[in-house]
Amino acid sequence: MTELTRMTAVDLAAGIKKKEFSAVDVAKAHFDQIAAVDKKLNAFLFIDEDGAMAQAANVDKKLASGEFLGPLAGVPVAVKDIFTQKDIPTTCGSRILENWRPPYDSTVVSRMKNADMVLLGKVNMDEFAMGSSTETSAYGPTTNPWDTSRIPGGSSGGSSAAVAGFLAPLAVGTDTGGSIRQPAAVTGTVGVKPTYGGISRYGIVALASSLDQAGPFARTVLDAALLHQAIAGYDPLDSTSINQPIPDFVAAAKHKDIAGMKLGIVKEFAGEGYQAGVLNRFNEAVAILRNLGAEIVELSCPSFTYALAAYYLIQPSECSSNLARFDGMRYGLRVDDGDSSVEQVMAATRAAGFGPEVKRRIIIGTYALSSGYYDAYYGSAQKVRRLIADDFNAAFSQVDALISPTSPITAFKIGEKLNDPMAMYLNDICTIPVNLAGVGGMSVPIGLADEDNLPAGMQIMAPVMCDDRMYRVAGALESALVSSWGGLLLDKAPRL
Amino acid sequence: MSKLSRDELRSIADLARIALTEAELDQFSSQLDVILDSVAKVQEIVNDEIKPMSHALDINNVFRADVVGNSLSATDALAAAPASEDDRFRVPRILEEE
Chain Y
0 MTELTRMTAV
10 DLAAGIKKKE
20 FSAVDVAKAH
30 FDQIAAVDKK
40 LNAFLFIDED
50 GAMAQAANVD
60 KKLASGEFLG
70 PLAGVPVAVK
80 DIFTQKDIPT
90 TCGSRILENW
100 RPPYDSTVVS
110 RMKNADMVLL
120 GKVNMDEFAM
130 GSSTETSAYG
140 PTTNPWDTSR
150 IPGGSSGGSS
160 AAVAGFLAPL
170 AVGTDTGGSI
180 RQPAAVTGTV
190 GVKPTYGGIS
200 RYGIVALASS
210 LDQAGPFART
220 VLDAALLHQA
230 IAGYDPLDST
240 SINQPIPDFV
250 AAAKHKDIAG
260 MKLGIVKEFA
270 GEGYQAGVLN
280 RFNEAVAILR
290 NLGAEIVELS
300 CPSFTYALAA
310 YYLIQPSECS
320 SNLARFDGMR
330 YGLRVDDGDS
340 SVEQVMAATR
350 AAGFGPEVKR
360 RIIIGTYALS
370 SGYYDAYYGS
380 AQKVRRLIAD
390 DFNAAFSQVD
400 ALISPTSPIT
410 AFKIGEKLND
420 PMAMYLNDIC
430 TIPVNLAGVG
440 GMSVPIGLAD
450 EDNLPAGMQI
460 MAPVMCDDRM
470 YRVAGALESA
480 LVSSWGGLLL
490 DKAPRL
Chain L
0 MSKLSRDELR
10 SIADLARIAL
20 TEAELDQFSS
30 QLDVILDSVA
40 KVQEIVNDEI
50 KPMSHALDIN
60 NVFRADVVGN
70 SLSATDALAA
80 APASEDDRFR
90 VPRILEEE
């Protein structure tokens, strides 16, 4: 039998239901793997072994008493440390929230608990989700299971490393400008940024409220669809969650037939800065999609060239406002010598509690929103956002979905870009337009780049509330690629 | 676009309630120049005709009935407070002494 830690979520759930192994066996195998290899990865910030083993035992008990169990019952999941989970530390990768134990569950966490999933613990991230490498975490960088001298992507790098390193079959992350899709691409995993409003943001520490969206990580398209289905849907606790029936992602992932679908290649997503090996794998994947019967057209979205600039005004502006709540008054760190004014305590607390990237972005946002600069910066960025949404609308009037490389490059070395913020920001050049427009985006593995034998991903983008189209394209592509590889891309990764 | 002076940076950091060290002021002023130069590109393609977009969805205000529901107890709400007293958050002094 396959090792429990290398099985898909679908196979784990089926095996538990057939009593080939118990949910407790599955949880224990994952904790053993975490104990054996996480010192090389630093994916987990908090391991909830007691809580998870109790959840697993409860699944086995329900099964023994003949209770109905959902499709992911007993399946372990790693939770990005941005989701509140009652009484479990939630740090957001920051010193300012060190030791904070939230008094409530986020909607994503409560839905996973209701689905009888086993929550293994909290995983690392760039501080307050600001970064593309997980290096800005106050708790040290997470490494890439393909090569531990390299980054696992970010900001959801703990989630991508946990799934790629076989520490968890599934993980949840969040994506504000690419923070699920880019880590998925550079670790050979599947990562999905749903339509904005598709999954509740209740209980997710807010970075940029108009851009943030939670989504699944998995090793296969079908596993991602199952987790997505479990956590998606309207939530009265999030006033921006969409009150409409959610599409059937699982059926779309199983569909496998893309004959007659029209897919658009955005011609702005190529050229300088794109690694040749990434483009080679992308072009091969496009040829596969064509062979499977999809019609491929090239189209132009001229405003996408300005998306990065607009994003790095809108995102810091929103984050400067959202992070004002970390003032040392009601929870989290307080630096107080007992003799200072409230303003001095706030300034000292935030100086000690935030790392450099968070400080930089708060300052950029404060500047961009300040009177005298507002129209030139934030105001112009909001207009560019409109142009980007218009370009997507025009593209989706011609094609069913858009495709591009997910990240222009493969995983880079830890430390390589940490002191060059603009170089770091360029990692998100293909993923950012999706967040600005609020459409869906997904990354699926397409092979290893020629130069470095590291994973590359294809991004699939679909219109608002049509995330099922991404699963349909990704499911068909994965099926063709897996049969050519003779297994998952991750099977080629070195054993840790 | 004008470069961000050290004094300007210091006053923005004050507005954002972040006490920056001298070393941070040096490092950030050069990094922020690069970033601000780069993002200023947004001004190239915009005009007065374009309607600014603040959100991905056409969102409207969401109302609910004004009914008392479940909420955190004072004990739970104060559990993570750096300081509390008499069921309230204890904060540093807000008014200057006379």
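First to last, the protein sequences are chains Y and L.
Here the first sequence is numbered in numbering that gives the first Met the number 0, starting from 0 and rising by one per residue.
Here the second sequence is numbered in numbering that gives the first Met the number 0, starting from 0 and rising by one per residue.
Glycine included, C-beta positions come from ideal geometry on N, C-alpha and C.
Just so you know, these numbers come straight off a predicted model, no measurement behind them.
Open item on the list: By alpha-carbon positions, which one of L:Ala-15, L:Asp-6, L:Asp-32, L:Leu-14 ends up nearest to Glu-171 of chain L?
Closed with: Nothing can be reported for residue 171 of chain L: it is not among the residues displayed for chain L, which extend from 0 to 97.
- [ ] Find the nearest neighbour of Gly-190 of chain Y within the set Y:Gly-152, Y:Ile-81, Y:Leu-206, judged by alpha-carbon distance.
- [x] Translated into the one-based positions of the first sequence, residue 190 of chain Y becomes position 191. The shortest C-alpha separation from Gly-190 of chain Y is found at Y:Gly-152.
Open item on the list: If you measure between the beta carbons of Glu-23 of chain L and Pro-315 of chain Y, is that distance less than 9 Å?
Closed with: Against the second sequence, residue 23 of chain L aligns to sequence position 24. Against the first sequence, residue 315 of chain Y aligns to sequence position 316. Contact flag unset, no.
Open item on the list: If you reduce the DSSP assignment to three classes, tell me which class Gln-458 of chain Y lands in.
Closed with: For the purposes of this step, residue 458 of chain Y is taken as the residue at position 459 of the first sequence. Of the three classes helix, strand and coil, the one that applies to Gln-458 of chain Y here is strand, per DSSP.
- [ ] Would you kindly work out how many angstroms separate the C-alpha atoms of Asp-234 of chain Y and Asp-174 of chain Y, rounded to a whole number?
- [x] The count along the first sequence starts at 1 and reaches residue 234 of chain Y at position 235. The count along the first sequence starts at 1 and reaches residue 174 of chain Y at position 175. Roughly 19 Å between the two C-alpha positions.
Open item on the list: Taking 8 Å as the cut-off, does the segment 115-122 of chain Y touch the segment 31-49 of chain Y (at least 3 CB pairs, one atom from each stretch)?
Closed with: yes
Task: Neighbourhood of Ala-492 of chain Y by C-beta, 8 Å cutoff - its chain only, sequence neighbours within 5 removed - done: Translated into the one-based positions of the first sequence, residue 492 of chain Y becomes position 493. Counting only Cβ-Cβ distances below 8 Å, and skipping sequence neighbours, we find Pro-144, Trp-145, Ala-163, Gly-187.
Task: Per-residue DSSP class, three states only, for Asn-143 of chain Y - done: As a first step, residue 143 of chain Y must be located in the first sequence, where it is residue number 144. Three-state DSSP puts Asn-143 of chain Y in a strand.
TODO: Could you confirm whether any beta carbon from chain L is found closer than 9 Å to the beta carbon of Trp-99 of chain Y?
DONE: Here residue 99 of chain Y corresponds to residue number 100 of the first sequence, with the count starting at 1. Interface residue, yes.
Open item on the list: Taking the alpha carbon of Asp-335 of chain Y as the reference point, which residue from Y:Gly-352, Y:Asp-24, Y:Ala-473 has its own alpha carbon closest?
Closed with: As a first step, residue 335 of chain Y is located in the first sequence; it is residue number 336 there, counting from the start. Selected option, being the one with the closest Cα: Y:Gly-352.
Task: C-beta neighbour in chain L for Glu-342 of chain Y, strict 9 Å - done: Residue 342 of chain Y sits at position 343 when you count from the first residue of the first sequence. Yes, contact with chain L.
TODO: Determine the direct distance from the alpha carbon of Gln-397 of chain Y to that of Ser-240 of chain Y, and round the result to whole angstroms.
DONE: Position 241 of the first sequence holds residue 240 of chain Y. Position 398 of the first sequence holds residue 397 of chain Y. Taking C-alpha positions only, Ser-240 of chain Y is separated from Gln-397 of chain Y by approximately 27 Å.
Task: Beta-carbon neighbours of Ser-53 of chain L, restricted to chain Y and to distances below 7 Å - done: Taking the second sequence and counting its residues from 1, one reaches residue 53 of chain L at position 54. Within 7 Å Cβ-Cβ: Ser-209, Gln-381.
- [ ] Could you name the residues of chain L that Lys-358 of chain Y contacts, counting a contact when the two beta carbons are closer than 9 Å?
- [x] Residue 358 of chain Y sits at position 359 when you count from the first residue of the first sequence. Result: Ala-12, Ala-15, Ile-17, Leu-19, Glu-23, Phe-27.
Open item on the list: Please report the straight-line C-alpha distance between Arg-280 of chain Y and Lys-358 of chain Y, rounded to a whole angstrom.
Closed with: In the first sequence, residue 280 of chain Y corresponds to position 281, counting from 1. In the first sequence, residue 358 of chain Y corresponds to position 359, counting from 1. Their backbone Cα atoms lie some 38 Å apart in a straight line.
Open item on the list: Using CA atoms only, rank isn't needed, just tell me which of Y:Met-129, Y:Val-23, Y:Lys-266 is closest to Ala-394 of chain Y.
Closed with: Here residue 394 of chain Y refers to the residue found at position 395 of the first sequence. Of the candidates Y:Met-129, Y:Val-23, Y:Lys-266, the one whose C-alpha sits nearest the C-alpha of Ala-394 of chain Y is Y:Lys-266.
Task: Start and end residues, beta strand (DSSP E) containing Pro-404 of chain Y - done: Counting from one through the first sequence, the residue named residue 404 of chain Y turns up at place 405. 400-404 is the span of the beta strand (DSSP E), which, as asked, contains Pro-404 of chain Y.
Open item on the list: List, in chain order, every chain L residue whose beta-carbon is nearer than 7 Å to that of Ser-238 of chain Y.
Closed with: On the first sequence, residue 238 of chain Y is found 239 positions in, with the first residue counted as 1. Ordered by position in chain L, the residues that pass the 7 Å Cβ test against Ser-238 of chain Y are Val-61.
- [ ] Please decide whether Arg-5 of chain L counts as near chain Y, where near means a Cβ-Cβ distance under 9 Å.
- [x] Mapped onto the second sequence, residue 5 of chain L falls at position 6. Not an interface residue.
Task: Minimum Cβ-Cβ distance from Glu-43 of chain L to chain Y less than 9 Å - done: As a first step, residue 43 of chain L must be located in the second sequence, where it is residue number 44. For Glu-43 of chain L, the answer is yes, since a Cβ of chain Y falls inside 9 Å of its Cβ.
TODO: Could you check if Gly-437 of chain Y is buried or exposed, using at least 16 other CB atoms within 10 Å of its CB as the buried criterion?
DONE: As a position in the first sequence, residue 437 of chain Y is number 438, starting the count at 1. Looking at its Cβ environment, which holds 16 or more other Cβ atoms inside 10 Å, Gly-437 of chain Y is buried.
Task: Glu-19 of chain Y burial status per 10 Å Cβ neighbour count (16 or more: buried) - done: As a first step, residue 19 of chain Y must be located in the first sequence, where it is residue number 20. Residue burial annotation: Glu-19 of chain Y is exposed, with fewer than 16 other C-beta atoms found within 10 angstroms of its C-beta.
Open item on the list: Whether or not the segment 102-121 of chain Y and the segment 73-87 of chain Y are in contact is what I'm after, with contact meaning three or more pairs of Cβ atoms, one per stretch, closer than 8 Å; do they touch?
Closed with: Using a Cβ-Cβ distance cut-off of 8 Å, the segment 73-87 of chain Y and the segment 102-121 of chain Y are in contact, since at least three pairs of beta carbons, one from each stretch, lie closer than that value.
Task: Residues near Ala-161 of chain Y in its chain [Cβ-Cβ closer than 6 Å; skip 5 each side] - done: Translated into the one-based positions of the first sequence, residue 161 of chain Y becomes position 162. These residues qualify, in order along the chain: Ala-42, Ala-77, Val-122, Ala-167, Ala-170.
Open item on the list: Counting only Cβ pairs nearer than 7 Å, list the residues of chain Y close to Arg-92 of chain L.
Closed with: Residue numbering aside, residue 92 of chain L sits at position 93 when the second sequence is read from its first letter. The answer, in chain order, is Ser-340, Val-341.
Task: Endpoints, the beta strand (DSSP E) within which Leu-68 of chain Y is located - done: Start at 1 with the first residue of the first sequence, and residue 68 of chain Y comes out as number 69. Leu-68 of chain Y -> no beta strand (DSSP E), and no H or E assigned at all.
Task: Any chain Y beta carbon closer than 9 Å to Asp-86 of chain L - done: As a position in the second sequence, residue 86 of chain L is number 87, starting the count at 1. No - not a single Cβ of chain Y is within 9 Å of the one on Asp-86 of chain L.
Task: is_contact[Pro-235 of chain Y, chain L] using C-beta, thresh 9 Å - done: Here residue 235 of chain Y corresponds to residue number 236 of the first sequence, with the count starting at 1. Chain L contact via Cβ: present.
Task: Length of the line joining the Cα atoms of Ala-64 of chain L and Gly-202 of chain Y - done: The sequence position of residue 64 of chain L within the second sequence is 65, counting from 1. The sequence position of residue 202 of chain Y within the first sequence is 203, counting from 1. Each residue's Cα considered, the two are about 22 Å apart.
Task: Beta-carbon gap between Gly-196 of chain Y and Asp-466 of chain Y smaller than 9 Å - done: Along the first sequence, read from residue 1 onward, the residue named residue 196 of chain Y stands at position 197. Along the first sequence, read from residue 1 onward, the residue named residue 466 of chain Y stands at position 467. No, the pair does not count as a contact, with Cβ atoms beyond the cut-off.
Task: Supposed contact pair Cys-91 of chain Y and Val-204 of chain Y - C-beta distance, whole angstroms, cut 8 Å - done: Working through the first sequence from its first residue, we reach residue 204 of chain Y at position 205. Working through the first sequence from its first residue, we reach residue 91 of chain Y at position 92. Contact flag correct, Cβ pair sits at about 5 Å.
- [ ] Starting from the N-terminal side, write out each stretch of the alpha helix (DSSP H) that is 4 residues or longer and does not extend beyond the segment 84-163 of chain Y.
- [x] The segment 84-163 of chain Y contains these whole alpha helix (DSSP H) runs: 106-113, 156-163.
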